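Below is one structure, written out as structure tokens; comments come after it.
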Amino acid sequence: MSSSLQSTKKFLVFLGKSLYTVLEALVSTIIPKPRKNVAGEIVLITGAGSGLGRLLALQFAHLGSVLVLWDVSKEGNEETCKLAQEAGARRVHAYICDCSQKEEVYRVADQVKKEVGDVSILINNAGIVTGRKFLDCPDELMEKSFDVNFKAHLWTYKAFLPAMIANNHGHLVCISSSAGLIGVNGLADYCASKFAALGFAESMFVETFAQKQRGVKTTIVCPFFIKTGMFEGCTTGCPSLLPILEPEYAVRKIIDAILREKLYLYMPKFLYFLVFLKRLHLAQEGSIRLAEAV
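Just so we're aligned: the sequence shown equals residues 1 to 294 in UniProt numbering.
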């Protein structure tokens, strides 16, 4: 077969698969996928000691999951552990872990595997923000942003993904940000770390899919700013389209996306439109609108 015919065949196959994917997405929008049962699943949440991580832990406690809580704060993590037990968690295991330290991530991961078992749902939620202009931000703070917001994902995947592949069962959840989609004024290092986390999660989804590891799912979450204290003082110039999100609302949407095994979740929905503009090579306009809104 000539190279031109081979190219045409590949293009038609690609086009057919693309159309099928679009149709599948449309059908899933109209008829949502049923929610899966996570009772008994071992769920590891980084940054579980407060904010979004704590609320996620409480929701999984209600669902009957076995919880593994990681946080750098012993006091905050123990409080989450207590609340999760009160919420009806089957089992709760709290570990102090500084996710910015590779050796510590590997050490605590080995401890979890020995004491609890194979993690089947990994939620990379831990995050920090410097909140400073690029030239005003010390180097060590920028490095810390990358260590926590991005590099920790590398080490947790290395630690827990092999068992998921071996069991053909697992779910990788990346809590990125709208700042991982479009650059934001005053958050250069944070945006860069969240862009990296999103790109890594997407790449790993493609890698597992290409290797036919269909039992390993991925969910990538990109919320606008959430009222958790991390972005205290942030305001929005367009609250009707880009509201500062209530934590309880964000958690409900995240849990639903995980249970329905959605690949992407953007909150609020206006972010889908901004990303659409960006992919139409209108990134400048989209970035300006987001900058005006924050």
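Glycine included, each C-beta is placed from N, C-alpha and C at the ideal position. Remember, predicted model here, so these are calculated numbers, not experimental data.
Item to check | the segment 135 to 147 contacting the segment 80 to 90, beta-carbon criterion three pairs below 8 Å | outcome: no
Next on the checklist: Between the alpha carbons of THR208 and PHE200, how many angstroms are there, rounded?
Outcome noted: Position 208 of the sequence shown holds residue 208. Position 200 of the sequence shown holds residue 200. For THR208 and PHE200, the distance between alpha carbons rounds to 12 Å.
Next on the checklist: Quick check on residue 351: buried or exposed, where buried means 16 or more other Cβ atoms within 10 Å of its Cβ?
Outcome noted: Residue 351 is absent from the model: the chain starts at 1 and stops at 294.
Checklist entry - Between which two residues does the beta strand (DSSP E) harbouring CYS268 extend? => result If you number the sequence shown from 1, residue 268 lands on position 268. At residue 268 the sequence reads Pro, which differs from the Cys that was named. No beta strand (DSSP E) holds PRO268; DSSP gives it neither H nor E.
Item to check | Beta-carbon proximity of VAL105 to TRP155, cut-off 8 Å | outcome: Counted from its first residue, the sequence shown places residue 105 at position 105. Counted from its first residue, the sequence shown places residue 155 at position 155. In this structure, TRP155 lies closer than 8 Å to VAL105 by Cβ.
Next on the checklist: Assuming contact is defined by CB atoms lying nearer than 8 Å, are THR219 and ILE258 in contact in what I supplied?
Outcome noted: By 1-based counting over the sequence shown, the position of residue 219 is 219. By 1-based counting over the sequence shown, the position of residue 258 is 258. Yes, the Cβ-Cβ distance between THR219 and ILE258 is below 8 Å.
Checklist entry - When burial is assigned at 16 or more other CB atoms within 10 Å of the CB, is GLN59 buried or exposed? => result Here the question's residue 59 lines up with position 59 in the sequence shown. The residue is buried, with at least 16 neighbouring Cβ atoms inside 10 Å.
Next on the checklist: I need the straight-line Cα distance from TYR266 to PRO223, nearest angstrom please.
Outcome noted: Along the sequence shown, one-based indexing puts residue 266 at 266. Along the sequence shown, one-based indexing puts residue 223 at 223. Between the alpha carbons of TYR266 and PRO223 lies a distance of about 6 Å.
Checklist entry - Which of the three DSSP states, helix, strand or coil, is assigned to ALA94? => result In the sequence shown, counting from the first residue as 1, residue 94 sits at position 94. The answer is strand: DSSP assigns ALA94 an E or B state.
Item to check | C-alpha distance - VAL129 paired with VAL38, whole-angstrom precision | outcome: Position 129 of the sequence shown holds residue 129. Position 38 of the sequence shown holds residue 38. Taking the straight line joining both Cα atoms gives about 31 Å.
Item to check | Minimum C-alpha distance to PRO32 - residue among ARG90, ARG260 and GLN85 | outcome: The sequence position of residue 32 within the sequence shown is 32, counting from 1. When each option's Cα is compared against that of PRO32, the closest is ARG260.
Item to check | Neighbourhood of TYR264 by C-beta, 7 Å cutoff - its chain only, sequence neighbours within 5 removed | outcome: Numbered from its first residue, the sequence shown carries residue 264 at position 264. Closer than 7 Å at Cβ, skipping near neighbours: ILE220.
Item to check | Contacts around VAL216, its chain only, beta-carbon distance under 8 Å, and the 5 residues preceding and following it disregarded | outcome: Position 216 of the sequence shown holds residue 216. So the list reads LEU161, MET164, ILE165, ASN168, HIS169, GLY170, HIS171, LEU172 and THR208, once near-sequence residues are dropped.
Next on the checklist: Tell me the residue span of the alpha helix (DSSP H) that contains CYS191.
Outcome noted: Against the sequence shown, residue 191 aligns to sequence position 191. Residues 188 to 210.
Checklist entry - Tell me the DSSP bridge mates of LYS217? => result Locating residue 217 in the sequence shown gives position 217, where the first residue counts as 1. Per DSSP, HIS171.
Checklist entry - Is ASN124 helix, strand or coil when you go by DSSP? => result In the sequence shown, counting from the first residue as 1, residue 124 sits at position 124. Three-state DSSP puts ASN124 in a strand.
Next on the checklist: My assumption, with CB atoms under 8 Å, is that PHE44 sits in contact with LEU122. Please give the rounded CB distance.
Outcome noted: In the sequence shown, counting from the first residue as 1, residue 44 sits at position 44. In the sequence shown, counting from the first residue as 1, residue 122 sits at position 122. Phe is not the amino acid found at residue 44; the sequence shown has Leu there. Indeed they touch by this definition, with Cβ atoms about 5 Å apart.
Item to check | Close Cβ partners of LEU98 (< 6 Å) along its chain, the five nearest in sequence each way excluded | outcome: As a first step, residue 98 must be located in the sequence shown, where it is residue number 98. Checking the sequence, you will find Asp at residue 98 rather than Leu. Only VAL72 and GLU104 meet the Cβ criterion.
Checklist entry - Among residues of its own chain, excluding the 5 on either side of VAL251, which ones have a beta-carbon nearer than 8 Å to its beta-carbon? => result Translated into the one-based positions of the sequence shown, residue 251 becomes position 251. For VAL251, where only same-chain residues beyond five positions count, the Cβ hits under 8 Å are LEU52, LEU55, LEU56 and GLN59.
Next on the checklist: On the DSSP letters alone, give me the boundaries of the alpha helix (DSSP H) that ASP139 sits inside.
Outcome noted: Your numbering for residue 139 matches position 139 in the sequence shown. Unbroken alpha helix (DSSP H) run through ASP139: 139 to 146.
Checklist entry - Going by Cα to Cα distance, which pick from ALA109, HIS62 and LEU181 is closest to ILE96? => result In the sequence shown, counting from the first residue as 1, residue 96 sits at position 96. When only C-alpha atoms are compared, the closest one is ALA109.
Checklist entry - How close, in whole Å, do the beta carbons of SER193 and ASN149 come, if the pair is a contact with beta carbons under 8 Å? => result Within the sequence shown, the letter at position 193 stands for residue 193. Within the sequence shown, the letter at position 149 stands for residue 149. Going by Cβ atoms, the distance from SER193 to ASN149 rounds to 4 Å, so yes, they are a contact pair.
Next on the checklist: Within the continuous beta strand (DSSP E) that includes VAL66, where are the two ends?
Outcome noted: In the sequence shown, counting from the first residue as 1, residue 66 sits at position 66. From DSSP, the beta strand (DSSP E) with VAL66 extends over 66 to 71.
Checklist entry - Taking just the CA atoms, how far does SER120 sit from GLY64? => result Taking the first residue of the sequence shown as 1, we reach residue 64 at position 64. Taking the first residue of the sequence shown as 1, we reach residue 120 at position 120. Taking the straight line from one Cα to the other gives about 14 Å.
Checklist entry - Just the Cα atoms here: how many angstroms apart are GLY40 and ASP147? => result As a first step, residue 40 must be located in the sequence shown, where it is residue number 40. As a first step, residue 147 must be located in the sequence shown, where it is residue number 147. Inter-residue distance for GLY40 and ASP147 is about 31 Å (C-alpha atoms, whole angstroms).
Checklist entry - When the distance is taken between beta carbons, is ALA210 closer than 8 Å to residue 381? => result The shown model of the chain, from 1 to 294, leaves out residue 381, and the question about it has no answer.
Next on the checklist: Please report the straight-line C-alpha distance between PHE205 and TYR157, rounded to a whole angstrom.
Outcome noted: Against the sequence shown, residue 205 aligns to sequence position 205. Against the sequence shown, residue 157 aligns to sequence position 157. Rounded to whole angstroms, PHE205 to TYR157 spans 12 Å at the Cα level.
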